[in-house]
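In full-length UniProt numbering, the protein residues as written are 1 to 286.
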């Protein structure tokens, strides 16, 4: 139901603002999906499989996105007695604003504000706010350094995170480009206007509010932390379309369950495994 509402409103705004959006090349939408393999939970006979699908609409500095993750559990009672399904669907709804400017040929700045709600059923006590920013310094026409900090405020905790990256030809549409830093590292080679091949390393961390009637921890929270690495094949069309496909190797995946007051209840670690991530992006042409 929530997915239909988000997509419907996104399409209404997208079509209603079409003439305005067409004046900007930075407007469009994205669709993405991830199909994961079953991962065994270490030190048990339990296993979990995760699939996800998402949609995002972007317009200039603004972005609205929705993702639904679906979990299938096997032998979950090996983790917690009398528990068959710790959770099945987790919804994530987010909006953010980002901007960057240059002071001069060498120095610039960037900033980002966002709000995200991740939940099983009830949205209350699931919203987290984030803010970040920093400076960018260009060593030359090809190399630059970005550095700063960000903060995330969630009902369970408040975190401060570093933001840093060494960038090589980040705006180039041909040849090599690279971004080496935190929280993402990526290297890409574009051998013509259409095709590109690269690799990236990403870290994901998310808190989701569990349902009031959740059989594991009612009104609690689930934290999922995951690292993924893989090649990325991309194709850029002439009419604003871009397709990507990436086999992902997942490692360092931890599930931590908290009570409503933040007290830790359960912690599980899954084995390494593979998934397939695919995406479609359309960007309006001026």
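Glycine is no exception: its CB is placed at the ideal position from the N, C-alpha and C atoms. All figures in this text were calculated on a predicted structure; none of them were measured in a lab.
Asked, Found
"Is it right to say residue 139 is buried, meaning 16 or more other beta carbons lie within 10 angstroms of its own, or is it exposed?", "exposed"
"Could you check where the beta strand (DSSP E) with residue 276 kicks off and where it finishes?", "273-283"
"Just the Cα atoms here: how many angstroms apart are residue 200 and residue 124?", "34 Å"
"For the stretch 134-196, list the beta strand (DSSP E) runs that are entirely contained and at least 3 residues long, ordered along the chain.", "143-153, 158-168, 175-182, 184-190"
"Check residue 270 in the structure and name its three-state DSSP category.", "strand"
"By a C-beta neighbour count over all protein chains shown, 10 Å radius and 16 as the cutoff for buried, is residue 209 buried or exposed?", "buried"
"Provide the residue(s) that pair with residue 253 in DSSP beta bridges, ordered along the chain.", "Its beta-bridge partners do not exist; DSSP assigns none."
"Check whether the stretch 210-219 and the stretch 111-130 touch, using three or more Cβ-Cβ pairs below 8 Å as the test.", "yes"
"With a threshold of 16 other CB atoms inside 10 Å of the CB of residue 20, please say whether the residue is buried or exposed.", "Residue placement at residue 20 is flagged as unreliable, the pLDDT there being 48, under the threshold of 50; the coordinate-derived value follows with that caveat. Per the 10 Å Cβ criterion, exposed."
"Can you check the stretch 212-262 for any beta strand (DSSP E) of at least 3 residues that lies completely inside it and give the ranges in chain order?", "221-236, 241-258"
"Do residue 27 and the ligand SAM come close, with the Cβ less than 6 Å from some heavy atom?", "Absence of the ligand SAM from the depicted structure is noted, as is the absence of any ligand whatsoever, leaving it without description."
"Note down, in chain order, each residue of its chain lying with its Cβ closer than 8 Å to the Cβ of residue 130, except the 5 sequence neighbours on either side.", "96, 112, 113, 114, 115, 116, 150, 151, 152, 153"
"Note down, in chain order, each residue of its chain lying with its Cβ closer than 7 Å to the Cβ of residue 187, except the 5 sequence neighbours on either side.", "178, 198, 199"
"Secondary structure at residue 65, three-state DSSP: helix, strand or coil?", "strand"
"Count the other CB atoms, across all protein chains shown, that sit within 10 Å of the CB of residue 137; report buried if there are 16 or more and exposed otherwise.", "exposed"
"Spatial neighbours of residue 273 within its chain, please: CB distance less than 6 Å, with the 5 preceding and 5 following residues excluded, ordered by chain position.", "37, 39, 250"
"Output the distance between the C-alpha atoms of residue 70 and residue 49, rounded to the nearest integer angstrom.", "8 Å"
"How many Å lie between residue 181 and residue 281 at the Cα?", "24 Å"
"On the CB-based measure, 16 or more other CB atoms within 10 Å of its CB, does residue 128 come out buried or exposed?", "buried"
"Helix or strand or just coil, what does DSSP make of residue 77?", "helix"
"Could you round the C-beta distance between residue 258 and residue 264 to whole angstroms and report it? I think they count as a contact, below 8 Å.", "6 Å"
"In three-state terms, what does DSSP make of residue 200?", "strand"
"Using the rule of at least 16 other Cβ atoms within 10 Å of the residue's Cβ for burial, across every protein chain shown, is residue 267 buried or exposed?", "exposed"
"Between the Cα of residue 52 and those of 63, 34, 60, spot the shortest distance and give me the residue it belongs to.", "34"
"Where does the unbroken beta strand (DSSP E) through residue 87 begin, and where does it stop?", "Where residue 87 is concerned, there is no enclosing beta strand (DSSP E), given that its DSSP letter is neither H nor E."
"For residue 205, which three-state DSSP category applies?", "strand"
"Residues in the same chain with beta-carbon distance under 8 Å from residue 80, minus the five sequence neighbours each way, listed in chain order, please.", "86, 216, 266"
"Counting only the same chain and skipping the five closest in sequence on each side, list residues whose C-beta sits under 6 Å from that of residue 99.", "61, 111"
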